[in-house]
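Chemist: Numbers given in my numbering equal positions in the sequence shown, counted from 1, plus 101.
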Amino acid sequence: MEPIRCCIACKTRKNKKEFFRIVADNEKNAILDKNQNINSRGIYICKDKKCIDNLKKAINKNKIKLKINVDDRSLLEVLEELGEEIWEN
Ligand SMILES: [Zn+2]
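1. Check alanine 110 in the structure and name its three-state DSSP category.
2. By DSSP, does valine 179 sit in helix, in strand, or in coil?
3. Excluding sequence positions up to five away, which residues of its chain have a Cβ less than 6 Å from the Cβ of serine 141?
4. What would DSSP say about arginine 174, mapped onto helix, strand or coil?
5. Is the segment 157–165 close to the segment 117–132, with three or more CB pairs under 8 Å?
6. Rounded to the nearest angstrom, what separates lysine 115 and isoleucine 105 at their Cα positions?
7. Is it buried or exposed, arginine 174, if we count other Cβ atoms within 10 angstroms and call 16 or more buried?
8. If I'm right that cysteine 108 touches cysteine 147 with Cβ under 8 Å, what's the distance once you round it to whole angstroms?
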């Protein structure tokens, strides 16, 4: 059975392969973990524009406590790229 994870924005639980996984490196830079195999604590978010926008808003308003040690600005950049990727598909 595939592990179940929870979206950081909408809290929906589903198979982790259905999410984007984001981790932070030692310099607190956010990285999209495309293969979901980086051995580091990660956050999961739906491949959904709404969830990405909601997370961006929460970060900008400082309204979310992230479980990974990541620089906000770097995370926002990754989210921006993910949002564009979704539009293209
Ligand atoms: Zn979600």
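The C-beta atom is built at its ideal place from N, Cα and C for all residues, glycine as well.
Modeler: Looking at the coordinates:
1. coil
2. helix
3. Val124
4. helix
5. In short, these stretches do not touch, since the Cβ pair count stays below three.
6. 5 Å
7. Burial call: exposed.
8. 5 Å
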